[in-house]
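All residue numbers for the sequence shown refer to this note's numbering, where the first residue is 568 and numbers rise by one. Quick reminder that beta carbons are idealized off the backbone N, C-alpha and C, glycines included. So the structure is just underneath, and the comments pick up after that.
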Amino acid sequence: MLESTDYEDACPIATIALEVANNDELMRKAAAAAFESWLEVLEERFTTAGMTSERAREVAVEIFCLIEGAVLLSRTTRSALPLHTAGRAATNAVAAGLAAGRYDRSGRGGDGN
C-alpha cells in the first residue's frame, strides 16, 4: 500500500500521537485508546491461538512496534524493505509465542512430558 501511494498513506494516528503526546492530553489519550484497541485485537487472537495472556500482550506490543517502526523507516527511505523485514520478524514473534505456550514453566509440554 505504501509503495502504491508513493509512501504517503501511513498511520495517521501515529503522526498525530507524535505531535500531541506532550502538549494535548485529550488527543494523547484518544491516540492511546486507538492503539490500545488494536493491541487488544491482537491479544485476543493470540490467546485464542494458545498463548498465555501475558505472552499475548508482549507479542502484540512487539508486532505493533515492528509495524509502526517499519512504516516510519519505509516512508523515510522510500523502501519496502523495512516492511518486509518487520513482517518476517512479526511472523517469528508469533511463532515463538505460540511455541512457548505449548510448554509449562518447568519446560515440559502441557501434558507433563
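Alpha carbon of residue i to alpha carbon of residue j, nearest angstrom
i      : j      : result
Arg672 : Glu592 : For Arg672, the predicted structure reports a pLDDT of 47, less than 50, and the residue's modelled location is therefore unreliable. The matter cannot be settled from this model.
Leu633 : Ala627 : 10 Å
Ala600 : Ile580 : 10 Å
Asn659 : Asn589 : 34 Å
Leu648 : Ser641 : 7 Å
Where residue i falls: helix, strand or coil (DSSP)
i      : result
Asn589 : coil
Residue-level contact to chain B via CB, residue i, 8 Å cutoff
i      : result
Ile634 : Judged by its chain identifiers, the structure shown contains no chain B, having just a single protein chain.
N-terminal and C-terminal residue of the alpha helix (DSSP H) that residue i is part of
i      : result
Ala623 : 620-644
Ala653 : 648-668
Item to check | Cβ contact (3+ pairs, closer than 8 Å) linking the stretch 656-671 and the stretch 603-621 | outcome: The stretch 656-671 and the stretch 603-621 touch, with no fewer than 3 CB-CB distances between them shorter than 8 Å.
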